[in-house]
Amino acid sequence: MIEEFPVLEDGEIALLRAKRATGHVIDDNFQLAINVSQKVFTVFNDINAALHSAREIVKRNSDIEVCLYGKENVMLHLITADNLESPNQ
Numbered sequence: 104m105i106e107e108f109p110v111l112e113d114g115e116i117a118l119l120r121a122k123r124a125t126g127h128v129i130d131d132n133f134q135l136a137i138n139v140s141q142k143v144f145t146v147f148n149d150i151n152a153a154l155h156s157a158r159e160i161v162k163r164n165s166d167i168e169v170c171l172y173g174k175e176n177v178m179l180h181l182i183t184a185d186n187l188e189s190p191n192q
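Per our numbering: the sequence shown = residues 104 to 192.
Structure follows, in structure tokens:
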């Protein structure tokens with residue numbers, strides 16, 4: 104069980120990290136998320152800040168993928184080492 108999806112306001116973005124090879128969710132300290140006390144979502148006020156943070160995470164560790172979600176838990180972007188430089192990501 105992991106942290107519940109946050110309630111987002113219009114324009115807010117939730118960032119979630121996972122191990123690329125397994126899809127296992129990791130917390131904000133890059134540890135395997137195994138309980139609800141671990142923080143797995145980081146909320147940003149806008150998409151540009153979230154995209155910047157996601158790219159920085161993946162640049163530092165290509166074994167991590169980052170999902171960005173909008174309101175109602177809709178996935179907006181998946182950032183991986185394969186699409187890091189794509190203008191649409």
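No residue lacks a Cβ here, since even glycine has one placed at the ideal position from N, Cα and C. Since we're looking at a predicted model, the values are computed, not measured.
- Task: Go through the stretch 146 to 187 residue by residue and report every complete run of the alpha helix (DSSP H) that reaches 4 residues or more, in order.
- Result: Taken in chain order, the whole alpha helix (DSSP H) runs of length 4 or more contained in the stretch 146 to 187 are 150 to 163.
- Message: Between the alpha carbons of Leu179 and Leu119, how many angstroms are there, rounded?
- Response: Taken atom to atom, the span from the alpha-carbon of Leu179 to that of Leu119 is near 12 Å.
- Quick one: what does DSSP say Arg123 is sitting in, helix, strand or coil? Arg123: coil per DSSP, three-state reduction.
- Item | Leu154 to Leu181 span [Cα, whole Å] | Their Cα atoms are separated by approximately 10 Å.
- State whether the stretch 158 to 165 contacts the stretch 135 to 150, with contact taken as three or more CB pairs (one from each stretch) at a distance under 8 Å. Not touching, per the Cβ criterion.
- Item | Straight-line gap, Ala117 to Glu175 (C-alpha atoms, nearest Å) | Their Cα atoms are separated by approximately 11 Å.
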